[in-house]
Amino acid sequence: MKIFKGIPVTTGIAIGKTLVIHTYDTGTDAEQKNISVDEMEFHINKFKDAKKNSLIELESLIEQLDRYMMAEELSILYAHREMINDPVFDEKVIKSIKHDYMSAEFAVKKYFAELLERFEYIESEYLLERKEDLKDIQNRVLGNISGKKASLIDRIQNDSIIVAENISPSFAVQLAMKKIKGFVTTKGGATSHTSVFARAFNIPAVVGIQNLNLSSGDAADIKDGLPIIVDGDKGIVIIEPDKITLKKYQDAYIKKEKSALNELKKLRHLPTITIDGKRIKLFGNIELPDEVEDVITSGAEGIGLFRTEFLYLSDFKQIGHTAEPPTEDKQFEIYTNVIKHFSANQPVIIRTIDIGGDKSILNIGIADEPNPYLGCRAIRLSLLYPEMFKIQLRAILRASVFGKVKIMLPLISSLEEVEQSKKILEECKKELDSRNVKYDHNIKLGIMMEVPSAALMAEDLAKQVDFFSIGTNDLTQYVLAVDRNNERIAQLFDSYHPAVINLIEQIAKAGKKYRIPVALCGEMAADLQAVPLLIGLGIDELSMSSVSIPSVKKLIRSIRYNHTKEIVKKVKEMKNGKDIKQYLENVVNSTLLR
1 MKIFKGIPVT TGIAIGKTLV IHTYDTGTDA EQKNISVDEM EFHINKFKDA
51 KKNSLIELES LIEQLDRYMM AEELSILYAH REMINDPVFD EKVIKSIKHD
101 YMSAEFAVKK YFAELLERFE YIESEYLLER KEDLKDIQNR VLGNISGKKA
151 SLIDRIQNDS IIVAENISPS FAVQLAMKKI KGFVTTKGGA TSHTSVFARA
201 FNIPAVVGIQ NLNLSSGDAA DIKDGLPIIV DGDKGIVIIE PDKITLKKYQ
251 DAYIKKEKSA LNELKKLRHL PTITIDGKRI KLFGNIELPD EVEDVITSGA
301 EGIGLFRTEF LYLSDFKQIG HTAEPPTEDK QFEIYTNVIK HFSANQPVII
351 RTIDIGGDKS ILNIGIADEP NPYLGCRAIR LSLLYPEMFK IQLRAILRAS
401 VFGKVKIMLP LISSLEEVEQ SKKILEECKK ELDSRNVKYD HNIKLGIMME
451 VPSAALMAED LAKQVDFFSI GTNDLTQYVL AVDRNNERIA QLFDSYHPAV
501 INLIEQIAKA GKKYRIPVAL CGEMAADLQA VPLLIGLGID ELSMSSVSIP
551 SVKKLIRSIR YNHTKEIVKK VKEMKNGKDI KQYLENVVNS TLLR
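The sequence shown: position 281 = 281 (our numbering), numbered continuously.
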């Protein structure tokens with residue numbers, strides 16, 4: 001038994017098996033070799049393609065974090081994106097290829113070697129994190145140039161505890177999404193990137209264990225597959241614990257898990273209702289089918305947003321699927337498997353493809369766009385490619401016989417888009433009728449309210465659809481003309497801006513007038529300080545990541561609906577988002593402390 005002491009990052013106990021990662025193994029051994037003049041164009045294009053693919057990968061990670069409201073963690077990946085987009089990067093790498101006859105791989109290595117040299121004798125923890133950022137970016141680009149992607153993710157098991165010198169920010173995101181049991185690193189401190197992501201995903205972690213030898217030789221303290229305990233409370237790591245120590249930690253772990261489970265069970269079966277009787281429905285958001293179990297465990301009343309983009313992204317191809325968009329049968333199978341987890345009165349709201357020039361789509365041939373968020377995406381893409389749209393609609397219709405399925409259209413900006421979509425939906429119904437295929441003839445059709453034009457004509461739209469779901473992320477972005485992924489103006493992105501709040505209220509009033517439910521599924525739905533305000537504004541349903549549901553339910557059961565109306569009055573007297581947010585934070589803190 002070996003015991004090591006480090007810096008505790010996230011409280012909790014993790015018991016599992018070691019998975020040792022030798023950091024920055026890029027899978028490429030680029031060596032200096034001269035290329036010919038004829039090869040230059042090939043290597044320049046190779047570099048540009050690698051850059052483009054690196055940015056696509058980062059956007060995918062950013063989107064995943066964005067759904068968990070992780071502002072601090074997002075800022076790290078925003079910085080990575082800025083570094084890759086730096087025109088100096090292009091200029092110097094291409095110059096090395098043209099003037100020094102370097103291969104694309106070696107030119108990239110040379111560029112980063114020069115940058116990393118500046119950090120050689122720096123001891124500042126903050127600046128050392130910038131060094132880790134550079135290494136992460138270098139390896140991402142080199143991996144895309146060589147085509148040799150490390151298969152570390154494939155090695156992760158359910159009981160894996162990652163042990164490494166350090167863990168890159170982007171890799172930390174992937175590890176967290178794989179739900180590993182714990183992190184252990186020999187470098188880093190309480191503010192390191194590894195620590196930031198461990199805390200964000202509540203993964204027990206101990207960092208800065210300086211006397212832990214990770215070498216691959218006989219002198220190593222550790223190798224793959226060894227029993228390990230991570231004590232995130234005390235900052236202790238135990239490798240190959242003896243039976244008494246293991247039993248002690250297993251008992252402590254079980255006791256803690258039981259306590260947390262009992263608390264969750266108490267809430268799970270209780271209705272989401274305010275003290276004075278106002279009923280609010282809580283739903284879960286899912287991005288992948290395997291997230292369904294978490295939604296059910298959380299006590300959600302169904303799926304408020306089933307994102308279907310994963311079916312169309314190039315990442316889907318990498319996990320064993322073809323490079324073609326998914327067939328009707330494949331989609332039907334996936335939707336049905338999700339729907340069958342829920343009872344007949346628990347809705348599953350399936351959003352049609354919400355994707356465009358900002359992501360890599362399988363074999364559809366969409367050109368890159370200078371501003372993808374204002375381009376051919378979401379419903380615009382579906383209407384531009386009606387056959388692809390009909391395949392998805394038919395699959396959803398067929399799956400609707402297995403539960404309470406609803407269809408939701410993203411990025412609606414006009415009545416015409418709703419009318420066109422309804423016409424195509426009717427065509428799909430007729431096609432299924434001709435095939436004698438069963439479906440729910442009264443399937444509900446709703447729309448995402450995330451474009452200012454839709455919010456401003458909410459009453460007209462309410463007459464045409466069965467429900468609204470407000471997407472506050474895009475709504476805020478479009479109302480304030482702020483790219484939420486641009487770190488230089490990130491401070492301007494404010495869902496508490498009075499203009500955004502006024503539009504949310506306008507949408508809710510339209511829904512009430514025409515008796516259709518109004519949900520909210522953006523980041524605000526899981527933001528505790530926003531919840532009382534949203535209820536007071538007239539929101540009927542909230543849809544969020546499953547991990548947030550228990551805390552939101554607990555808060556709602558602690559407030560009075562009448563009080564939320566008073567909160568709205570006070571908020572409407574305020575003229576800036578900062579004051580509104582501070583006021584709401586005080587309200588929620590005082591509520592939870594009572």
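Here a beta-carbon is modelled for each residue, glycine too, at the ideal position from N, C-alpha and C.
All values reported here derive from a predicted model rather than from experimental measurement.
Within 10 angstroms of the beta-carbon of ILE76 lie 16 or more other beta-carbons, which makes it buried.
Rounded to the nearest whole angstrom, the C-alpha separation of LYS569 and ARG351 is 34 Å.
Here the region 83 to 92 makes no contact with the region 177 to 184; the two share fewer than three CB pairs at distances below 8 Å.
In the DSSP assignment, LYS2 forms a beta bridge with ILE239. Inter-residue distance for THR18 and ASP242 is about 16 Å (C-alpha atoms, whole angstroms). Using a 10 angstroms sphere on the CB of GLY147, the tally of other CB atoms stays under 16, which defines it as exposed.
Sixteen is the threshold: when 16 or more other Cβ atoms of the shown chains lie within 10 Å of the Cβ of ARG398, as they do, the residue is buried.
In this model, SER298 and LYS553 are separated by some 10 Å (Cα to Cα). A residue is called buried when at least 16 other Cβ atoms come within 10 angstroms of its Cβ; VAL184 meets this threshold and is buried. Annotation for THR272: ILE280, LEU282, LYS553, ILE556 place their beta carbon closer than 6 Å to its own, counting only its chain and skipping 5 residues before and after. Its Cα nearest to that of VAL9, the residue PRO204 stands out among ALA526, PRO204, SER170. Distances from the CA of ILE349 to each of PRO386, LEU311, PHE467 were compared; the closest alpha carbon is that of PHE467. Fully enclosed alpha helix (DSSP H) runs of no fewer than 4 residues occupy 292 to 298 of the region 253 to 299, in order along the chain.
By the Cβ-count criterion, VAL196 is buried, with 16 or more other Cβ atoms from all chains shown falling within 10 Å of its own Cβ. Shown here, GLY538 sits in coil according to DSSP, grouped into three states, outside any helix or strand. Listed in chain order, the non-local C-beta contacts of ALA344 below 8 Å within the same chain comprise GLY403, LYS404, local neighbours out to five positions each way being set aside. As DSSP reads the structure, ALA113 sits in no beta bridge. For the set ILE44, HIS22, ILE239, ILE549, the Cα lying nearest the Cα of GLU165 is the one of HIS22. Taking the Cα positions, ILE303 is about 28 Å away from GLU585.
For GLU263, the closest of LYS572, ILE549, ASN589, ASN562 by C-alpha to C-alpha distance is ILE549.
Separation of GLY189 and PRO169 (C-alpha to C-alpha, rounded to the nearest whole angstrom) is 14 Å. Look at the region 390 to 427 and you find these whole runs of beta strand (DSSP E), each 3 residues long or longer: 404 to 409. The Cβ atoms of THR476 and PHE493 lie closer than 8 Å to each other. Note on geometry: alpha-carbon atoms of ASN53 and LYS258 lie some 44 Å from one another.
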